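J.: From first to last, the protein sequence lines stand for chains A and B. Counting from 62, one number per residue, gives the positions in the first sequence under our numbering. Counting from 62, one number per residue, gives the positions in the second sequence under our numbering. Beta carbons: idealized from backbone N, C-alpha and C, even for Gly. Note that the structure is predicted; figures quoted are calculated from it, not measured.
There are 2 protein chains.
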Amino acid sequence: MILEKAVLNIKPGQSEVFELAFGEAQKIIVAMKGYINHDLLKCVEKSDTYLLLVQWETIEDHEIGFRESQQYQEWKKLLHHFYEPFPIVLHYTSIVATS
Amino acid sequence: MILEKAVLNIKPGQSEVFELAFGEAQKIIVAMKGYINHDLLKCVEKSDTYLLLVQWETIEDHEIGFRESQQYQEWKKLLHHFYEPFPIVLHYTSIVATS
């Protein structure tokens with residue numbers, strides 16, 4: 062299991078529209094092979110800043126299965142124009158967890 | 062409910078010892094008022110890089126209840142010397158969630 066993490070910086074003043082677009086875009090990701098769950102969180106301290114967390118079964122499910130899919134083109138169209146700068150996406154594996 | 066997020070950059074070569082120290086330190090945090098759960102994750106792409114996620118009931122539980130506690134002094138002693146640079150800690154609130 063792998064966690065995809067990206068801090069999303071949204072162009073000033075576009076956060077509300079971004080949230081609406083994300084509401085649509087998330088329908089794409091939840092249907093992908095290897096998708097487990099996701100969360101979009103708004104930063105308390107910095108305006109127009111979000112944290113996107115997506116759990117995948119494997120890194121390939123994200124990097125190949127999703128990013129090389131037709132559906133990713135739709136995701137890009139919905140979301141990528143909101144970002145400035147373009148986010149750095151990294152993957153993490155849990156080494157301790159309590160919940 | 063609030064998510065505390067910090068990317069932790071560990072001094073080169075100290076990751077293994079850091080993980081051991083974190084194993085001790087997490088005993089402190091789980092006992093604090095307002096603590097819900099936490100996860101420490103290791104970055105796939107960047108060595109000596111971790112993601113710390115802690116869920117708190119309120120931001121005050123973290124910033125006042127924990128950071129102004131005696132227990133925080135112990136947490137600092139165990140962990141802060143591993144960080145370079147010192148991490149930027151931000152808080153996020155979920156706006157969408159599926160799991």
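How many whole angstroms separate the CB atoms of B/I89 and B/H99, which I take to be in contact at a CB cut-off of 8 Å?
T.: Within the second sequence, the letter at position 28 stands for residue 89 of chain B. Within the second sequence, the letter at position 38 stands for residue 99 of chain B. Not quite, the Cβ-Cβ distance comes to about 11 Å (not below 8 Å), so this is no contact.
J.: Return the CA-CA distance between A/Y96 and A/H142, expressed in angstroms with no decimal places.
T.: On the first sequence, position 35 is the one that residue 96 of chain A refers to. On the first sequence, position 81 is the one that residue 142 of chain A refers to. Going from the Cα of A/Y96 to the Cα of A/H142 covers about 24 Å.
J.: Just verifying my parser: in three-state terms, what is the DSSP assignment at B/I97?
T.: Here residue 97 of chain B corresponds to residue number 36 of the second sequence, with the count starting at 1. Of the three classes helix, strand and coil, the one that applies to B/I97 here is strand, per DSSP.
J.: Evaluate the contact criterion for the segment 69 to 84 of chain B versus the segment 124 to 138 of chain A: three or more CB pairs, one atom per stretch, below 8 Å.
T.: Because the criterion of three Cβ pairs below 8 Å is not met, the segment 69 to 84 of chain B and the segment 124 to 138 of chain A do not touch.
J.: At 7 Å on the CB atoms, spell out the chain A contacts of B/Y153, in chain order.
T.: Within the second sequence, the letter at position 92 stands for residue 153 of chain B. Within chain A, the residues near B/Y153 are L102, K103, C104, V105 and L112.
J.: Is there contact here, the segment 69 to 77 of chain A with the segment 106 to 123 of chain B, by at least three beta-carbon pairs under 8 Å?
T.: Result no; under three Cβ-Cβ pairs closer than 8 Å.
J.: Would you kindly work out how many angstroms separate the C-alpha atoms of B/Y153 and A/T110, rounded to a whole number?
T.: Residue 153 of chain B sits at position 92 when you count from the first residue of the second sequence. Residue 110 of chain A sits at position 49 when you count from the first residue of the first sequence. Approximately 9 Å, taken between the alpha carbons.
J.: In the DSSP assignment, what are the bridge partners of B/A67?
T.: Taking the second sequence and counting its residues from 1, the one referred to as residue 67 of chain B is at position 6. Answer by DSSP bridge pairing, in chain order: B/L113 and B/V150.
J.: Looking at the secondary structure, which residues open and close the alpha helix (DSSP H) in which B/G84 lies?
T.: Here residue 84 of chain B refers to the residue found at position 23 when the second sequence is read from its first residue. Residues S76 to I90.
J.: Count the other C-beta atoms from every protein chain shown that fall within 10 angstroms of the C-beta of A/I125, then say buried if there are 16 or more, exposed otherwise.
T.: Residue mapping note: residue 125 of chain A aligns to position 64 of the first sequence, counting from 1. Classification of A/I125: exposed, given that the 10 Å Cβ count is below 16.
J.: Pick out whichever of B/K66, B/V157, B/H123 and B/A86 has its Cα sitting closest to the Cα of B/K94.
T.: Start at 1 with the first residue of the second sequence, and residue 94 of chain B comes out as number 33. The residue with the shortest Cα to Cα distance from B/K94 is B/H123.
J.: For chain A, is any of its Cβ atoms less than 8 Å away from the one on B/Q87?
T.: Residue mapping note: residue 87 of chain B aligns to position 26 of the second sequence, counting from 1. Yes, its Cβ sits closer than 8 Å to a Cβ of chain A.
J.: Please identify, using Cβ separations under 8 Å, the residues of the segment 64 to 79 of chain B that lie next to chain A, in order along the chain.
T.: From the segment 64 to 79 of chain B, only L64 and K66 have a Cβ closer than 8 Å to chain A.
J.: Restricting to Cα atoms, I'd like to know which of B/N70, B/I63 and B/K138 is closest to B/E145.
T.: Taking the second sequence and counting its residues from 1, the one referred to as residue 145 of chain B is at position 84. For B/E145, the nearest C-alpha among the options comes from B/N70.
J.: Give me the Cβ distance between B/K66 and B/L140, rounded to the nearest whole Å; I'm assuming they're in contact under 8 Å.
T.: As a working mapping, residue 66 of chain B is identified with position 5 in the second sequence. As a working mapping, residue 140 of chain B is identified with position 79 in the second sequence. Incorrect: roughly 16 Å between the Cβ atoms, too far for contact.
J.: Anyone know if the C-beta pair for A/L102 and B/L64 falls short of 8 Å?
T.: Translated into the one-based positions of the first sequence, residue 102 of chain A becomes position 41. Translated into the one-based positions of the second sequence, residue 64 of chain B becomes position 3. It is a contact, given that the beta carbons lie within the stated cut-off.
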